[in-house]
Every structure is written in C-alpha cells, then in structure tokens.
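Student:
What follows is the structure, encoded as structure tokens:
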C-alpha cells in the first residue's frame, strides 16, 4: 500500500490573520484559492510546501461543518489529513477497510481524472482522513485541489521544504492508531514509545492528549532552513513558543533543520 501525505488542512474563524502569520513566519506563498468550497459555506487558501500543501479554511456563514468543528475544538484547529493513493485499487481497498470498521464516507466524487474519498472525523477520530486518487499517481505531481499544475511556479521552499509528520492526539492513542492503521491498511509501529504509521513520505504519530482536550490533529513536523530565524519572527509576533516549536492556528509546528 503506497499512501503519501499531500496536504494538511487547518480551520480558523478568520482566515486572513492565520494566512498572514503563516506566510510571515514560514515564508510560504499562497498558490491557490478554490472558489468551489463556497458551496460548503467556506473560503480557503492553499500555501505551497515543496510538493505538499498547507490549507486554511474558514466558515463564511453559520451552520457549516467547519464552524461546528471550531465549536467542538473551542477555537482554531487542525482539520484534515489529506493523503494521495497511487492507484484506484489502493483507494478502493481503503474504502473497503473503512466500511469494515464502520467509518462513514463524508464525501465521495468521481471527476474522471481524479476521485475524491473523504472519511468522517467522528468515526476516524481526531481529524478527517481524505484519500483522493489522481490520474498518474505521482505523489509530487499534478494536484487538482491546487489548480492542477498552476501551483508549481508559485511555491517558495527556501524556508520550509516539507511536512514530514502529523501528530494526532487522543486520550487513548493506541486505540486511535489502531483505527487509522486498520482503515489505511498500514502497520502500526512504535517509535520513541509512541505508536506511529509510516506513509510514503511522512509519519502519522499518535500521542496522548493533554489537559482533557478532545481528540484532534495537534501538531505538524516541518523540514526547515534557518530554524532560529523562524523562531525569532515568531517571538516578534508574540506567538506561543516551546523549545523548537511554535503554535499557530491551534497547531504546534515542530521545526527540524534540513540537513
């Protein structure tokens, strides 16, 4: 099974200040805004991270799923883990695994050159799992959710070059990891005392939630250049910093210096 991390989605009450902070701190560039999300009462912008993407969505009206999620999280938060299946057969296998685990399909759409599959966060736990298949299967290639190939000329990767891990937190991380492993069809391993699932280009890590907070997408690991400069910009903005981590939009970004 070849599954690659392609995009992470954050949800915010107000998109503009979050985007401003991310672009200032990390030097990321906006590469696409999808007007089609308006049908869900949302606005969005995607930032380029190498050949991956960091998306921010925000509700434009009352009664949206994103707004209800913000209410449950009591503020801005991680929202979706968006991966890429290399083949239709791999996507079909994940859909079958989800059905066997009682996980509902939140969204499914076949557009010919790509096919959407989005699994319900209430059943997955912690976040949506989205697993589209895109024709060609290249995990660094065309991405219809970022305007197909238009993003390539807009990406800046001089400061941040990749998302290397996503951390999902739960009162019972072993149970949560087992669910994500069973649905993805990938083995759950242990590293540093924490359960983890190895994707083709990144890691899903599972940890215990703190302070009675709900299950959530709590952290991202970034491969960066000049970590200290990033931390200095974060400090100048008064952001929460702990060691080599900075919190933005309710998500902890751990900064790992590129070799």
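In the working numbering, the protein residues as written are 30 to 288.
We treat Cβ as the ideally placed atom computed from N, Cα and C, and that holds for glycine.
In whole angstroms, what is the alpha-carbon distance linking residue 38 and residue 77?
Tutor: On the chain shown, position 9 is the one that residue 38 refers to. On the chain shown, position 48 is the one that residue 77 refers to. Rounded to the nearest angstrom, the two C-alpha atoms are 12 Å apart.
Student: Return helix, strand or coil for residue 107, following the three-state DSSP convention.
Tutor: The residue given as residue 107 occupies position 78 in the chain shown. If DSSP states are grouped into helix, strand and coil, residue 107 belongs with the strands.
Student: I need the boundaries of the beta strand (DSSP E) containing residue 55, first residue and last residue.
Tutor: By 1-based counting over the chain shown, the position of residue 55 is 26. Careful: residue 55 lies outside any beta strand (DSSP E), inside the alpha helix (DSSP H) at 44 to 55.
Student: Which residues in the same chain have their Cβ closer than 7 Å to the Cβ of residue 271, if we skip the five residues on either side of it in sequence?
Tutor: Position 242 of the chain shown holds residue 271. The answer is none, since no qualifying residue turns up.
Student: Does DSSP put residue 213 in a helix, a strand or coil?
Tutor: To locate residue 213, count along the chain shown from 1; it is residue 184. If DSSP states are grouped into helix, strand and coil, residue 213 belongs with the helices.
Student: Tell me where the alpha helix (DSSP H) around residue 77 begins and ends.
Tutor: To locate residue 77, count along the chain shown from 1; it is residue 48. No alpha helix (DSSP H) holds residue 77; the beta strand (DSSP E) holding it covers 71 to 78.
Student: Go ahead and pull the three-state DSSP assignment for residue 257.
Tutor: As a first step, residue 257 must be located in the chain shown, where it is residue number 228. In this structure, residue 257 counts as helix in the three-state DSSP scheme.
Student: If you drop the 5 nearest sequence neighbours on each side, which residues of the same chain put their C-beta closer than 7 Å to that of residue 96?
Tutor: Within the chain shown, numbered from 1, the residue matching residue 96 stands at position 67. Here the set comprises 88.
Student: Pull up the CB-CB distance for residue 142 and residue 111, whole angstroms please, since I reckon it's below 8 Å.
Tutor: In the chain shown, the residue the question calls residue 142 occupies position 113. In the chain shown, the residue the question calls residue 111 occupies position 82. Wrong, their Cβ atoms sit about 17 Å apart, outside the cutoff.
Student: Please confirm whether any heavy atom of the ligand FMN lies closer than 7 Å to the CB of residue 161.
Tutor: This structure does not include the ligand FMN; it has no bound ligands of any sort.
Student: Going residue by residue through the stretch 222 to 281, where are the continuous alpha helix (DSSP H) segments of at least 4 residues, counting only ones entirely within it?
Tutor: The qualifying runs are 256 to 265.
Student: Go ahead and label residue 245 buried or exposed: buried means 16 or more other beta carbons lie within 10 angstroms of its beta carbon, across all protein chains shown.
Tutor: Position 216 of the chain shown holds residue 245. Looking at its Cβ environment, which holds 16 or more other Cβ atoms inside 10 Å, residue 245 is buried.
Student: Put residue 81 into one of helix, strand or coil per three-state DSSP.
Tutor: Taking the first residue of the chain shown as position 1, residue 81 is located at position 52. Strand.
Student: Tell me residue 145's beta-bridge partners as DSSP assigns them.
Tutor: Taking the chain shown and counting its residues from 1, the one referred to as residue 145 is at position 116. Answer is 138, bridged to residue 145.
Student: What is the residue span of the beta strand (DSSP E) that residue 196 lies within?
Tutor: Here residue 196 refers to the residue found at position 167 when the chain shown is read from its first residue. Note, residue 196: beta strand (DSSP E), 189 to 199.
Student: Residue range of the alpha helix (DSSP H) that residue 123 falls in?
Tutor: Within the chain shown, residue 123 is the residue found at index 94, counting from 1. Per DSSP, residue 123 belongs to the alpha helix (DSSP H) from 117 to 129.
Student: For the pair the stretch 265 to 284 and the stretch 49 to 69, tell me if three or more CB-CB distances fall below 8 Å.
Tutor: Output reads yes: the stretch 49 to 69 touches the stretch 265 to 284.
Student: What whole-angstrom Cβ distance do residue 107 and residue 156 have, given they're in contact under 8 Å?
Tutor: For the purposes of this step, residue 107 is taken as residue 78 along the chain shown, with counting starting at 1. For the purposes of this step, residue 156 is taken as residue 127 along the chain shown, with counting starting at 1. That pair is a contact at about 6 Å.
Student: So residue 134 and residue 127 are in contact, right, with Cβ under 8 Å, and what is the actual spacing, rounded?
Tutor: Position 105 of the chain shown, counting from 1, holds the residue named residue 134. Position 98 of the chain shown, counting from 1, holds the residue named residue 127. About 7 Å separates the two Cβ atoms, so the contact holds.
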